[in-house]
Structure formats: C-alpha cells, structure tokens
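J.: Can you keep this structure in mind? I'll have questions shortly.
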Amino acid sequence: PASKEAYLYREIFEELFPVPSAAECVPGGPSVACSSAKAIEWDESFKAMNDPSGRAVGVHQSAYK
Numbered sequence: 004p005a006s007k008e009a010y011l012y013r014e015i016f017e018e019l020f021p022v023p024s025a026a027e028c029v030p031g032g033p034s035v036a037c038s039s040a041k042a043i044e045w046d047e048s049f050k051a052m053n054d055p056s057g058r059a060v061g062v063h064q065s066a067y068k
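Taking the working numbering as reference, the numbering of the sequence shown is continuous, increasing by one, and the terminal residue is 68.
Quick look at the structure:
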C-alpha cells in the first residue's frame, strides 16, 4: 500500500475477505473519493487529490480546508 490509510484499508479488507483471490478482484491505483484509477484522468485537479476517503472532494462534510 502507498500510504498508511491504504494500509489500513488493506488490513480491513483482508480481515473481511481472507482468501488471496479476493484482492485480485479489486482494481488498484490512485483514487479520488473511492473512484477507480480512471477517475484521476477526468479532471486535471484530481491528480493532486489522491485520497480514497473522499475528504479531498469539497462536497464531503469533513473535506480538507
């Protein structure tokens, strides 16, 4: 995982889905608000918001200021 947050998500995922093949079903890569890596290409500003939690998106109640 690329960050502590990504590591936490991986730990939770592996706890819920303990078989190795489960991770193969989930695409990896950068993410904005839990979108796929393809979403990063939609808008140039998304490239600076690699945050799967969604807080990088202004509409989130706990968005970054």
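A virtual CB, placed ideally from N, CA and C, is assigned to each residue, including glycine.
Give every residue of the same chain whose Cβ lies closer than 8 Å to the Cβ of residue 29, excluding the five residues on either side of it in the sequence, and list them in chain order.
T.: Taking the first residue of the sequence shown as 1, we reach residue 29 at position 26. Hits under 8 Å: 16.
J.: May I have the straight-line CA-CA distance separating residue 12 from residue 68, to the nearest angstrom?
T.: Indexing the sequence shown from 1 puts residue 12 at position 9. Indexing the sequence shown from 1 puts residue 68 at position 65. Going by the C-alpha atoms only, they are around 23 Å apart.
J.: How big is the Cα-Cα spacing for residue 42 and residue 19?
T.: By one-based count along the sequence shown, residue 42 stands at place 39. By one-based count along the sequence shown, residue 19 stands at place 16. Going by the C-alpha atoms only, they are around 26 Å apart.
J.: In this structure, does DSSP put residue 42 in helix, strand or coil?
T.: Here the question's residue 42 lines up with position 39 in the sequence shown. Reduced to three states, the DSSP call for residue 42 is helix.
J.: Please report the residue range of the alpha helix (DSSP H) in which residue 7 lies.
T.: Along the sequence shown, one-based indexing puts residue 7 at 4. Residue 7 -> alpha helix (DSSP H) spans 7-19.
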